[in-house]
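Okay, structure first, notes after.
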Amino acid sequence: MPAAVVLAASALVPQPADASASTAARLAATRQTLDARAAIPGTAWVTDPRAGRVVVTADSTVTGARLARLTEVTAGLGDAVVVRRTTARLTRFVAGGGAVWGGTARCSLGFNVNRGGRPAFLTAGHCGNAVPDWAETRGGPRAAVTETSVFPGGDYALARYTDGAARPSAVDLHDGGTRTITRAGRAYAGERVRRSGATTGVRGGTVTGLNATVNYQEGRVDGLIETDVCAEPGDSGGPLFDGDAALGITSGGTGNCRTGGKTYYQPVDRALRALGASIG
40 MPAAVVLAAS
50 ALVPQPADAS
60 ASTAARLAAT
70 RQTLDARAAI
80 PGTAWVTDPR
90 AGRVVVTADS
100 TVTGARLARL
110 TEVTAGLGDA
120 VVVRRTTARL
130 TRFVAGGGAV
140 WGGTARCSLG
150 FNVNRGGRPA
160 FLTAGHCGNA
170 VPDWAETRGG
180 PRAAVTETSV
190 FPGGDYALAR
200 YTDGAARPSA
210 VDLHDGGTRT
220 ITRAGRAYAG
230 ERVRRSGATT
240 GVRGGTVTGL
250 NATVNYQEGR
260 VDGLIETDVC
270 AEPGDSGGPL
280 FDGDAALGIT
290 SGGTGNCRTG
300 GKTYYQPVDR
310 ALRALGASIG
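Numbering (this note's numbering), first residue to last: 40 to 319.
Structure, rendered in structure tokens:
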């Protein structure tokens with residue numbers, strides 16, 4: 040994992056799982072303040088209900104006036120916040136070339152879905168923003184067109200297959216096998232999960248937080264799943280899953296698969312509802 044330094048925090052004291060209403064209200068108010076006053080590119084935050092704190096991460100780009108502002112805001116929130124620095128830059132995991140190809144970007148296919156009787160696939164919204172037409176091989180013929188793309192705010196896109204042929208809803212395990220996906224699930228804290236990506240294959244880890252806010256250079260994305268699974272450029276848009284359940288779409292994070300990292304995912308169930316689509 041990237042080296043981290045605690046800037047301002049008291050010790051994290053475990054609290055009962057059923058935190059009081061006053062604690063929940065305090066954490067909600069803390070997040071509202073962060074949303075309003077500390078939406079600084081290179082920062083992210085997620086609530087840790089067990090510790091009764093909001094954990095704020097600031098990457099190496101948060102310096103000077105930005106760091107001063109973050110320090111001022113978080114200091115005013117007292118022990119409701121713990122701030123950690125990471126030497127790795129918080130970024131989207133998009134790159135030029137990969138499993139699904141566009142003229143200016145490569146990303147990973149998330150999940151095959153159906154919308155209105157027409158086959159399509161999910162990927163990241165920052166990928167859909169960059170790519171109107173998709174190919175299944177580099178320089179190959181058009182295989183899909185982006186119909187809907189949301190980023191920032193959320194981070195999901197839907198691309199419709201142009202040949203009209205249905206594709207199985209399965210995840211590439213990068214060992215010659217696949218994992219059939221039959222449903223959309225909802226991630227929970229502590230869940231053991233895996234993700235698949237065009238750059239780094241299949242990696243596993245744990246859900247470390249829910250409803251995370253990430254401030255990318257391009258804008259803020261809310262409601263993300265936070266994990267300790269690593270990822271790298273080109274893994275964007277790839278699937279986060281547990282067994283046969285689709286959980287998330289790779290958005291971005293910090294670090295890499297050599298030193299470790301933290302990654303964030305758009306929840307699949309929310310994307311499907313917004314798009315009017317379903318798995319399969």
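C-beta: ideal position from N, C-alpha, C; glycine also.
Item, Value
"Going straight from the alpha carbon of Pro191 to that of Glu257, what length do you get?", "7 angstroms"
"Under the assumption that Val241 contacts Leu279 (Cβ atoms under 8 angstroms), give the Cβ distance between them as a whole number of angstroms.", "Contact flag wrong, Cβ pair sits at about 11 angstroms."
"Pull the bridge partners of Val120 from the DSSP assignment, please.", "Val93"
"Quick one: Cα of Asp172 to Cα of Ala119, how far?", "46 angstroms"
"In the DSSP assignment, find the beta strand (DSSP E) that holds Ser235 and state where it starts and stops.", "Arg231 to Gly236"
"With H, G and I counted as helix, E and B as strand and the rest as coil, what does DSSP make of Val112?", "helix"
"Assign Ser99 to one of three DSSP states: helix, strand, or coil.", "coil"
"Less than 8 angstroms between the CB atoms is what I'm expecting for Gly292 and Leu129, so what's the real figure, rounded?", "7 angstroms"
"I need the boundaries of the beta strand (DSSP E) containing Val307, first residue and last residue.", "Looking at the DSSP string, Val307 is not in any beta strand (DSSP E); the run it does join, the alpha helix (DSSP H), is Val307 to Leu314."
"Out of Asp308, Arg145 and Thr238, which one is the CA nearest neighbour of Asn295?", "Thr238"
"Classify Asp276 as buried or exposed, calling it buried when 16 or more other Cβ atoms lie within 10 Å of its own Cβ.", "It is Gly, not Asp, that sits at residue 276 in the sequence shown. With 16 or more Cβ atoms within 10 Å of its Cβ, Gly276 is classed as buried."
"Mind checking who Arg242 pairs with in its DSSP beta bridge?", "Arg234"
"Contact defined as beta carbons within less than 8 angstroms: I believe Ala310 pairs with Tyr227. What is the distance between those atoms, to the nearest angstrom?", "Not a contact, Cβ separation roughly 18 angstroms."
"Report, in whole angstroms, the separation of the C-beta atoms of Ser147 and Gly273, which I expect to be a contact under 8 angstroms.", "7 angstroms"
"What span of residues does the alpha helix (DSSP H) with Ala70 cover, start to end?", "Ala is not the amino acid found at residue 70; the sequence shown has Arg there. Here the alpha helix (DSSP H) through Arg70 covers Ala60 to Arg76."
"According to DSSP, what are the bridge partners of Pro272?", "Paired residues: none, contrary to the question."
"Does the count of Cβ pairs from the stretch 197-209 and the stretch 173-184 closer than 8 angstroms reach three?", "yes"
"Who are Pro158's beta bridge partners in DSSP?", "Asn153"
"Around the C-beta of Pro306, are 16 or more other C-beta atoms found within 10 angstroms, so that it is buried, or is it exposed?", "buried"
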